[in-house]
Amino acid sequence: MKKNRYSIFSLARNAVSYHQDWSEAWRSPDPALSYDVIVVGGGGHGLATAYYLAAEHDVGRIAVLEKGWIGGGNTGRNTTIVRSNYLWDEAAHLYEKSLQLWEGLSQELNFNVMFSQRGVMNLGHTLQDMRDIYRRSNANRLNGIDSEILTPAEIKAKVPAINVSSEARYPVLGASFQPRGGVARHDAVAWGFARAADARGVDIIQNCEVTGIRRENGAVCGVETTRGFIGAGKVAVVVAGHASVLADMAELRFPVESHPLQALVSEPLKPVLDTVIMSNAVHGYVSQSDKGELVIGAGIDAYTGYGQRGSFSIIEGNVAAIVELFPIFSRVRVLRQWGGIVDVCPDACPIISKTPVQGLYFNCGWGTGGFKATPGSGWVFAHTVARDAAHPLNAAFDLGRFSTGALIDEHGAAGVAH
Amino acid sequence: MLKIECPWCGERDQEEFQYGGEAHIVRPERPDTLTDEQWADYLFNRANTKGVHAEQWCHGAGCRRWFNVLRDTVSYVIVAVYRPGENPPGGGE
Amino acid sequence: MSTARRLQRGGLIDRSRRIRFSFNGKDYFGHPGDTLASALLAQGVRIFGRSFKYHRPRGIVGAGAEEPNALVQVGEGGFSTPNLKATQVELYEGLTARTVNGWPNLAFDIGAINNRLSRLLPAGFYYKTFMWPRSAWMRYERHIRRAAGLGHAPSLPDPDHYDKRHAHFDVFIAGGGPTGLTAALGAARAGARVLLVDEQTQLGGSLLFSPVLIGGRTGIEWIAELEAELRSFPEVTILSRSTVTGYYDHNFLVVNQRRTDHVGPGQAEPRLTRERLWRVRAKQVVIATGAIERPLVFDANDTPGVMLGSAVSTYIRRYAVSPGRSGAVFTNNDSGYQSALDMASAGMEVRAIVDVRKRPGADVLAAVSTYDIPIYQGYAVPSVQSGLQGLKRIEIAKLSPCGEDIVSHKGLVDCQVLAISGGWSPAVHLHSQSGGRPRYDALKACFVPGRPVQAERSAGACAGSFTLTACLREGADAGISAAAQSGWPGGYVDIPAVEESVQAPLQPFWEVPAGALSGNGVKKFLDFQNDTTASDIRLAAREGYRSIEHVKRYTALGFGTDQGKLGNINGLAILAKTLGKSPGEVGTTTFRPNYTPVTFGTVAGRTLGEQLFDPVRKTAIHAWHVRRGASFENVGQWKRPWFYPRDGEDMHAAVNRECLATRNGVGVLDASTLGKIDIRGPDAARFLNLLYTNNWDNLQPGRCRYGFMLGEDGMVMDDGVTTCLAPGHFLMTTTTGGAAAVLTWMERWLQTEWPDLKVYLTSVTDQWSVMSVAGPCARTVLQRVGCDLDLGGDAFPFMSMQVGQVAGIPARISRISFSGELAFEISVEANQGLALWETIMVAGRDYDITPYGTESMHVLRAEKGYVIVGQDTDGSVTPMDLGMDWIVSKKKDFIGKRSLSRSDTERPNRKQLVGLKTQDPSRVLPEGAQLVNSRQEAQPVPMIGHVSSSYFSANLGRSIALALVKGGLSRMGGTIYAHLMDGSVVPATICEPVFFDPENQRGKS
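Structural data, given as structure tokens:
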């Protein structure tokens, strides 16, 4: 099936026929009896995995199974921040690979994911914050990742709305700034990967929940689903908050806990914030969407929760932090708030790994920071699944690190207090 | 916003409490006899139950005592509250 | 200005007073009781804004929270507030308002060119273009951002304040219409504690614009009677101008009360907060939030002058405004007829009632028969025509028997107002937020509440009951049963007789086919604010976006500031039809808080600013530090003196002076902020053995010992000195920032893992003032102050504690030292702290006693190679990494021990603590500098460590640094290179981390 290629010309051509002739962005096929690779989870990471499997590896027939609608989990619920300014080499290289993929993603997928490289600022409020910022920025530079350190005056010049007064409870003492960081249109990432994967023959099957992982002689052979058994040579699980539920199906225990993570948007405003601001110390991050909404995120709720909602007190603390940083937002109004389920690892780093079950792979534990990794996560996971071996970029992110103790502690750079 | 019944103080707002994660994880008697994998299982692996979850809470802004809660992690309904050392009501572990 | 549209009588406005205000720079006036919308309509204003994407002129559609178009920026300067709905803004003298969209002005809008290009801009067009060249998105985006957005954030900080109130009620009632009022009465009479929350300025809801008589009284009279009785109950609280914005778990509800906006900035009683956020726990909840009328979907249904029927009635009956000279009605249910009656009674010429049904209700037909209004049964309005001031005429066309198609064009009718009614959507928002799942009622063609999940029940129109009689009855029942279930039985309400017409069923009707006036670019709007049309929904479905959530996201349906209150149900019905499903199968999108937008300031409340954002903790000696001109550092919640600059000194000069004074004479540090935990019980030493890596069995009373606490992962978590005060009685000190976490950590182990241990913990941080007198003259100064103890080295050795009196004040005195100097740490009751400090300062004057802050403390301890947990450790450092194997017991178990023997923690090449001396002694490395093996390397450069602490040491006359370096302990004397952010590379030599007095002779002296 030939798809319309998207461009201003195809848009004009279709305008003549009142847009009656656009083809489906992706098909809705019934599941086949079996596939060579089944990706469980139709979020951004799962769809990216399927896309890179189809585009860069020769693995045969691929399906993505999604229990609801694609992009309906954390992909459609995050605050869309993209950056690669992580402290440790392992994380920095992985996120930087992802950032590089972001930089050409709209063209690669022929779908505008609106990656806006407006820069990401991480504020420091204490002397220790500033030591950590210097350490991280310096490490970023040496790893080939763009990073600057800004003084309060420089921050104010870039973000006139911010309060850098020394009278604040926790005054802004400085910031790290990654100019290549930014935001993207979250839904578009899922749809773009879905469309491009579908064009390469991947079956995207929505409303198909996996209820069991069937194994024979220690190797995976397929999945039970709400639409029947589907055979598979390999099963790649990318289900974020539900990682433990799927792991349980294969009798595996994982070092992840699922927590609510909340976010909110304001009513749309005329442009007032041209960059992304994050503050660990006062627990908030904010950017302005193209539509004009302030998109604001908080820290996770402390308790385990699969409810896609959290406690109001987190929102209160979060909004107070934003008003503390931006006093002129006090009269702006919160339009909508929501929650997602994030799977948090003890070291705030993901698991992208083979498992003790042959042919079963897991990609999880992204915590609060998975969106930015979407293309990179898919890219390395596709490699891991196709080759049955980790790519050097994700070798350190295996399950074994929890036994050896070789954790990659990114709590500081993960951006949210876990 | 949860409302939690402290076994000693009664019903209080969630903001008075601290969450402590999964309950009934017993520290191994002899850690030195465990393999790295067994130690990692105690240290890091968690049931992360979707459904009724046995978990620890501390009434940090009240009596400062720790206790156990059975809570549904989907509906957030609290099924039971019980003291440390007690078994979860209804059989359980 | 003309008041042409203001009716001579009627309405709930006070004609005796005029209120002046301005709109888009022009002056107008209105009356108390008016909204901005009603006052402007009264003066003939019809166009209130431009739409988001196509910049089409838009007028007022609704009369309340559902209004999508009439968005205004109200007020000036710091009081400026964006995106208010003109239908909800109450007038006050001097109010200024501007429309939020439309540039350069409303009449001539450059963005309107988008309307001409609209064929190129279907739903999701932006996903298909703006991709070339690759770098261009940022440029496109700049233009898109400028065109998007609604109002402006204020440019000044908010002069207003906000607060919160916590409350508990037996029965919480959301909505003060007829249903909520009888619910409140039923619950109040039972004796329950009741909260009644209503969004509007006055109670009554739909009764405020209804002509129905209740028990022979007008609605207004009946409301007044009920309200009076309700207010007579001491346990009943009524909140007007208040919205239930969120319904959370465990019956926690959030109410946003607007307290001063209606009187205008600066006019309210001083100290009255602008808004109050009520945080409510309710035993039982009654949802009585009514229903929202749906528009009908036809070509150009966004034309100014096309209004909801209920809004037309509201403007006429409540505000005494006729929205035009002539009107017509387009409806699929009986309620449109009331709009016709209201228009006729207001003197408007009603030129048509167009009803898609063949059989309207007999009662409503009879009611309108007294007026000479042409009624078109089985007809629709497929298109309208507009002029500069909005609606000019409507097309009427006959529908096919099945109602799906147009069979013939009937004609055109001139009118200025078209009142539309597509039926009613129950406001199931709160039910849905509470966890309920609304279900589709095909007969009523609407979603109604499903099974309650929390202790709530819906009643009246929000439960799908659209007659007043049913609302009154259901409200009463709900209030009585809610009270009974919260422990207050016996409520009662006599339901008054109501004369209302018998309703004929509505005919679901989701979309009118294009008509004779329609051009090629048919636009049937669903979401007015986002310009989402019916064809956008079909395009989404065609392209594979078929879940309602995909459709919403692809077309922006329901993303406006009205949150889809008007358009969502129509949109999902059209999607259902496109997919060949029922609306119930498609389902609604999730209703999320907030029901209506809530001010940031209200959510933040009082917790803002230097004093209240987070509690500030100050030591008992704080005032002295302030007087002395100290600069402060935030450490946790504490304010600690950072350094004490003298005239003209910068930080470095001050720190050099403080350090030299301490090493050479005497310095004094306020150490009160360190965490202090009193540990008692026969098993206290056993417990310490489990907590700390070293052995505590043999610590004698009066002796002190330094300890490391690890996490169970083996990484250093906290450190400090613990003193044995008596057998089974210890005092532990923790880091300033870690105190609370350490106490919680200890309590948790004791209570959950080792409950058999008899140990009792008490935080005593705030009970003691602690000052460390350090330096070669410390003993002399202390003797001068007056101490009843023998302070000599033999009588009072290093790492010991004695109880005595200092300057007559009972004190614990410890010979512990974080500076490496001879030091006495004196703890006294906090309320004696300042007095003792001042006494010490006087006694030490001859020795130039010098107060020093945290920065000097850091320098002095770094000279000694003492680590600071959290600065020289980062959660990935073991005691061995710090070269402190000696502190780790091989014999006993302790928390974290097992983790130290994992393969990665035993690895020889781990990062280890070393000292660094820059080869240029004057060069101070920045803390956080990364360390590499050679001067020049290609990126990515392999990093082998980083600088964790770095200072200029005035005592040593050179820079010193502590660093964590891979395999550092085996690289003593080697050269390493620090890479700095400015690109420079600084060579340094690896050395032992103790730079000064390695034998610790001074500390022990």
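Just so you know, the sequences run in chain order A, B and C. The numbering used here applies: residue 39 is where the first sequence begins, and numbers increase by one. The numbering used here applies: residue 1199 is where the second sequence begins, and numbers increase by one. The numbering used here applies: residue 14 is where the third sequence begins, and numbers increase by one. Every residue, glycine too, gets a C-beta built ideally from N, C-alpha and C.
For F435 of chain A, no CB of chain C lies under 8 angstroms from its own CB, so it is not counted at the interface with that chain.
Neighbourhood of A1278 of chain B in chain A, by CB distance below 7 angstroms: empty, with the nearest CB roughly 16 angstroms away. Within chain A, S296, Y341, T342, G343, Y344 and G345 have C-beta atoms less than 9 angstroms from the C-beta of T1271 of chain B, given in sequence order. The three-state reading of DSSP puts M812 of chain C in coil, since its state is none of H, G, I, E or B.
Assignment of Y567 of chain C by DSSP, reduced to helix, strand and coil, places it in the helix class. Sequence-distant Cβ neighbours of H665 of chain C in its own chain, meaning closer than 8 angstroms and more than five residues away, are F965.
Chain-ordered, the chain B residues with CB closer than 7 angstroms to the CB of F440 of chain A read A1238 and F1242. The continuous alpha helix (DSSP H) containing G414 of chain A extends over residues T412 to R425. Secondary structure note for Q1014 of chain C: its alpha helix (DSSP H) is the uninterrupted segment Q1014 to K1017. Cβ neighbours of F522 of chain C within its own chain (closer than 6 angstroms, five residues either side excluded): N345 and V369.
In chain order, M1199 make up the part of chain B whose C-beta sits under 7 angstroms from the C-beta of F265 of chain C. In this structure, the CA atom of F479 of chain C is about 11 angstroms from the CA atom of E306 of chain C. If one requires a minimum length of 4 residues, no alpha helix (DSSP H) run lies completely within the segment 925-1013 of chain C. Taking 9 angstroms as the upper bound on Cβ-Cβ separation, chain C lies near residues N148, F149, N150, V151, M152, F153, S154, Q155, R156, H163, T164, L165 and Q166 of the segment 148-167 of chain A. A direct Cα-to-Cα measurement between F343 of chain C and W107 of chain A gives close to 37 angstroms. Per the DSSP secondary-structure output, K98 of chain C pairs in a beta bridge with C:L84.
Residue-level contact check: H1257 of chain B does not touch chain A, since none of the beta carbons of chain A fall below 8 angstroms from its beta carbon.
Just measuring C-alpha positions, the residue of C:K578, C:V819 and C:K904 sitting nearest L703 of chain C is C:K904. Every unbroken stretch of the beta strand (DSSP E) spanning 3 or more residues and falling wholly within the segment 357-386 of chain C is given here in chain order: 362-368. Put simply, the segment 312-331 of chain C touches the segment 53-62 of chain C. At least three CB pairs are less than 8 angstroms apart. If you draw a 10 Å sphere on the C-beta of P1287 of chain B, you find fewer than 16 other C-beta atoms in it, and that means exposed. Within the segment 755-769 of chain C, T757, E760, R761, Q764, T765, E766 and P768 place their CB atoms closer than 8 angstroms to a CB of chain B, listed in sequence order. Only D906, I908, K910, R911, S912, S914, R915 and S916 from the segment 906-927 of chain C bring a Cβ to less than 9 angstroms from some Cβ of chain B.
For N677 of chain C, the uninterrupted alpha helix (DSSP H) segment begins and ends at M664 to N677.
Cβ contact annotation for Q516 of chain C (same chain, cutoff 6 angstroms, sequence separation greater than five): D347 and G374, in chain order. In this structure, P789 of chain C sits near E834 of chain C, with a CB-CB distance shorter than 8 angstroms. Distance from the Cα of Q390 of chain C is smallest, within the candidate group C:L378, C:S399 and C:K371, for C:K371. For I157 of chain C, the residues of chain A that pass the 8 angstroms Cβ criterion are D328, in the order they occur in the chain. Judged by DSSP in its simplified three-state form, L701 of chain C adopts helix. For Q21 of chain C and G597 of chain C, the gap between their C-alpha atoms comes out near 47 angstroms.
Three or more pairs of CB atoms, one per stretch, sit closer than 8 angstroms, so the segment 714-730 of chain C contacts the segment 887-899 of chain C.
Boundaries of the alpha helix (DSSP H) around R169 of chain A: L165 to L180. With the criterion set as a beta carbon lying under 8 angstroms from some beta carbon of chain B, the members of the segment 714-728 of chain C are E725 and D726, in sequence order. Closest option to R31 of chain C, judged by alpha-carbon separation, among C:V87, C:F42, C:F222 and C:N37: C:F42. The segment 206-216 of chain C makes contact with the segment 248-265 of chain C: 3 or more CB pairs, one atom from each, lie closer than 8 angstroms.
Counting of Cβ neighbours within 10 angstroms places F435 of chain A among the buried residues, the total reaching 16 or more.
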